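Listed in order, the protein sequences are those of chains A and B.
Position one of the first sequence corresponds to residue 1 (our numbering), numbered consecutively onward.
Position one of the second sequence corresponds to residue 1 (our numbering), numbered consecutively onward.
In what follows, a single structure is set out as structure tokens and then discussed.
Protein chains: 2
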Amino acid sequence: MNLPEILGEARTLVTPAMTDALSRLSPEIRRVVDYHMGWRDADGRPVQRRGSKSVRPALAFLSAQAGGGEFRGAVSGALAVEFLNNWAFLIDDVMDRDRFRRQRETAWVVFGEGQAICAGTALLTLAQQVLLESDSPMRFKALDLAMDTSARMLAGQTLDMTFERRFDYTVAESMTMTQSKTASLMRCATSIGAVLVGADDRTVDTLADFGQCVGVAFQARDDMLGIWGTPDQTGGRPRGFDIKARKGTLPIAVALNDETRGDDLRKLFGQEGELADWQVERASELITATGGREWTESLARRMVAQATAAISELDLPDDVRDHFHQLAAMGLPDDVSR
Amino acid sequence: MNLPEILGEARTLVTPAMTDALSRLSPEIRRVVDYHMGWRDADGRPVQRRGSKSVRPALAFLSAQAGGGEFRGAVSGALAVEFLNNWAFLIDDVMDRDRFRRQRETAWVVFGEGQAICAGTALLTLAQQVLLESDSPMRFKALDLAMDTSARMLAGQTLDMTFERRFDYTVAESMTMTQSKTASLMRCATSIGAVLVGADDRTVDTLADFGQCVGVAFQARDDMLGIWGTPDQTGGRPRGFDIKARKGTLPIAVALNDETRGDDLRKLFGQEGELADWQVERASELITATGGREWTESLARRMVAQATAAISELDLPDDVRDHFHQLAAMGLPDDVSR
Chain A
1 MNLPEILGEA
11 RTLVTPAMTD
21 ALSRLSPEIR
31 RVVDYHMGWR
41 DADGRPVQRR
51 GSKSVRPALA
61 FLSAQAGGGE
71 FRGAVSGALA
81 VEFLNNWAFL
91 IDDVMDRDRF
101 RRQRETAWVV
111 FGEGQAICAG
121 TALLTLAQQV
131 LLESDSPMRF
141 KALDLAMDTS
151 ARMLAGQTLD
161 MTFERRFDYT
171 VAESMTMTQS
181 KTASLMRCAT
191 SIGAVLVGAD
201 DRTVDTLADF
211 GQCVGVAFQA
221 RDDMLGIWGT
231 PDQTGGRPRG
241 FDIKARKGTL
251 PIAVALNDET
261 RGDDLRKLFG
271 QEGELADWQV
281 ERASELITAT
291 GGREWTESLA
301 RRMVAQATAA
311 ISELDLPDDV
321 RDHFHQLAAM
331 GLPDDVSR
Chain B
1 MNLPEILGEA
11 RTLVTPAMTD
21 ALSRLSPEIR
31 RVVDYHMGWR
41 DADGRPVQRR
51 GSKSVRPALA
61 FLSAQAGGGE
71 FRGAVSGALA
81 VEFLNNWAFL
91 IDDVMDRDRF
101 RRQRETAWVV
111 FGEGQAICAG
121 TALLTLAQQV
131 LLESDSPMRF
141 KALDLAMDTS
151 ARMLAGQTLD
161 MTFERRFDYT
171 VAESMTMTQS
181 KTASLMRCAT
191 SIGAVLVGAD
201 DRTVDTLADF
211 GQCVGVAFQA
221 RDDMLGIWGT
231 PDQTGGRPRG
241 FDIKARKGTL
251 PIAVALNDET
261 RGDDLRKLFG
271 QEGELADWQV
281 ERASELITAT
291 GGREWTESLA
301 RRMVAQATAA
311 ISELDLPDDV
321 RDHFHQLAAM
331 GLPDDVSR
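Structure follows, in structure tokens:
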């Protein structure tokens, strides 16, 4: 199988299990989830599905394969990471006041904040329920991993929010946030399949390290898109939306800590109200001038290389290793416009 | 032991375990939780603790005793219900825009909505983690119960929010909301101890029924306080706060469904903006006139009687049965002012 085929296979395995798991939600919660997933419109009418890329479920399946099992041994794990990912989307959109995702209005804009938060939390609970009810003898270890992951994600999200009110955080703090808020979920995806099929600790740990590195690379790439991405690349979001939101992303943290230009950026961020387009442009130039862009791009490349090196330590069939390499390469920021 | 002694013993057992469990939260989340619990002020300085009444932990301990075990066999269960209860408080306060709880500003007012939601969700996760790590052989069954409880609470909260925008719900819908939003947690508290000490199914089910009835009674009493309670009884909240918030509580649902006076109340609720004091007073009179107050009071009494009857079916030592009876009696609305 090539990579698109693997992503397709992941969707084929996950979709019916997901529909089945979601059927236990109350009608009021289901309505919000179905809208968020892109399956129904705001009035509950079915719409053409714009599926997610299914990168995380695919990683959970490959993880099972790397652990000596089969794809179907990791269905509960793939579901769990997909639910955790969508929990994070639903909650983050409320907290970041993001009004668009995947070219549509976000759930909180359509249904209200409370409904979006409850729907998201219901997915968090569902992620844990599908693991507890899995038939793997290792389901409790997988559940422990998922719970630890959600706790890390919450810690990261909370730290992220503190950045919005102070512009004195260090690059190390921004990295801690990145590690816990987003990389921990990728780490969970790349190791939970192996856990479920009963792989040994060394394999699980190596896969976890792989996921942690890939997660940082993906986030570094996203951080670049949040400043230099075109609406085409970012689901219709305005250019420089992370600057507008004064997020504590890695390139911004690097720039704020620059000895000569950090204060200029801090002054821009410290202003009341929304930043004008020319100010966003100015901030983006400042970040490039401090080396924030270069630093982040180089971090992404290093992380992909480190992930690739980690996975090479496992004795895997060539095609399985290739798939991990290809998925890791999706974290490379080659396509971010200048 | 008498009831105050049992509540005191519950606190003694729960407090150190709680401190231990909370120590794994990140400093940013911990700050919000410590404030919410009444242990620290907004700047992180320790304050004299205004402890909770510990009714739910006490019920978890009594549940273990009724299941043939000892109090200490249910520590993880008592912790879990206390965490779930505080998760619900933190989230509800955001969604209901409640600015005061236990005579202090609520966490979202002090730290912002996002921080309060993340701190609450961290407690939800912690509730499940302490159960997974318990040393009871029945911990997975207890975890299943806790997850099912949180799913029900979310369904109830979501249903509750839909009531805020429409005033055509039935008494049955309001009862469904009450059952899932609040009674399910009491049901969890009264059965989780027995589950953890390995009691038989009949005992667990009877204790669950007891808790469900007591939960409805407690909520019915709270619904009365939300209309007729004095600030002294409601932690400093203004009289008629449930009317101001146009909540879908039981007495309000009864009144809205009254053939002759329902439309008058609907007209009041349908107004833009805040209700004036005289309008709150008028709504409260309307609710009494429709029999909404009487109906709710009688429901609470019936539920306490039903709970008492349920617990009598179990072969319990007299003092244990007495403690259940006394805790159930706390749901009687005798003290709600006229």
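For each residue, glycine too, the CB sits at the ideal point set by N, CA and C.
Every value quoted in this text rests on a predicted model; they were computed, and no experiment measured them.
Secondary structure at residue i, three-state DSSP: helix, strand or coil?
| i | result |
| --- | --- |
| B:E105 | strand |
| A:P375 | Outside the modelled stretch of chain A, which goes from 1 to 338, sits residue 375 of chain A, for which no answer is possible. |
| A:R165 | coil |
| A:R293 | helix |
| A:R139 | helix |
| A:R301 | helix |
| A:R40 | strand |
Applying a beta-carbon distance threshold of less than 9 Å, which residues of chain A neighbour residue i?
| i | result |
| --- | --- |
| B:A142 | What B:A142 touches in chain A: nothing, since even the nearest Cβ is about 11 Å away. |
| B:C118 | I91, M95, L154, A155, Q157, T158, M161 |
Taking just the CA atoms, how far does residue j sit from residue i?
| i | j | result |
| --- | --- | --- |
| A:R40 | B:T121 | 27 Å |
| B:F167 | B:A189 | 32 Å |
| B:R301 | B:G291 | 15 Å |
| B:T288 | B:D277 | 17 Å |
| A:T206 | A:T249 | 27 Å |
| A:F140 | A:A78 | 15 Å |
| A:Q115 | B:Q103 | 28 Å |
| A:M175 | A:K53 | 25 Å |
| B:E164 | B:D96 | 10 Å |
| A:R202 | A:S191 | 11 Å |
| A:D264 | A:P238 | 23 Å |
| B:D34 | B:L124 | 15 Å |
| B:A253 | B:T260 | 14 Å |
| A:T296 | A:L225 | 11 Å |
| A:R152 | B:S26 | 9 Å |
| B:I311 | B:F210 | 6 Å |
| B:D148 | A:L131 | 13 Å |
| B:R99 | B:G38 | 15 Å |
Applying the criterion that 16 or more other CB atoms from any shown protein chain within 10 Å of the CB defines a buried residue, is residue i buried or exposed?
| i | result |
| --- | --- |
| A:N2 | exposed |
| B:Q271 | exposed |
| B:R45 | exposed |
| B:Q219 | buried |
| A:K267 | exposed |
| B:D92 | buried |
| B:E113 | buried |
| A:P137 | exposed |
Could you work out which residues of chain A lie near residue i, taking near to mean beta carbons separated by less than 8 Å?
| i | result |
| --- | --- |
| B:L159 | S26, E28 |
What is the C-beta distance between residue i and residue j, in whole angstroms, given that I count them as a contact (C-beta under 8 Å)?
| i | j | result |
| --- | --- | --- |
| B:F83 | B:A74 | Going by Cβ atoms, the distance from B:F83 to B:A74 rounds to 14 Å, so no, they are not a contact pair. |
| B:E339 | A:T158 | Nothing can be reported for residue 339 of chain B: it is not among the residues displayed for chain B, which extend from 1 to 338. |
| A:A142 | A:L316 | That belief does not hold up - the Cβ atoms of A:A142 and A:L316 are roughly 21 Å apart, past 8 Å. |
| A:A155 | A:G68 | So it is not a contact: roughly 33 Å between Cβ atoms. |
| B:S150 | B:L196 | Not quite, the Cβ-Cβ distance comes to about 17 Å (not below 8 Å), so this is no contact. |
| A:N86 | A:R56 | In fact, because the Cβ distance is near 10 Å, the residues do not count as touching under 8 Å. |
| B:S284 | B:I243 | 6 Å |
| B:A80 | B:A127 | 4 Å |
| A:V304 | A:L332 | 6 Å |
| B:D323 | B:I6 | Looking at the sequence provided, one finds His at residue 323 of chain B rather than Asp. Correct: roughly 6 Å between the Cβ atoms. |
| A:A146 | A:H36 | Not confirmed; about 20 Å, so no contact. |
List the residues of chain B whose Cβ lies closer than 7 Å to the Cβ of residue i, in chain order.
| i | result |
| --- | --- |
| A:S150 | T125 |
| A:A347 | One cannot answer for residue 347 of chain A here, as it falls past the ends of chain A, which runs 1 to 338. |
| A:G114 | M95, M161 |
Note down, in chain order, every chain B residue with its Cβ under 8 Å from the Cβ of residue i.
| i | result |
| --- | --- |
| A:M147 | T125, Q128, Q129, L132 |
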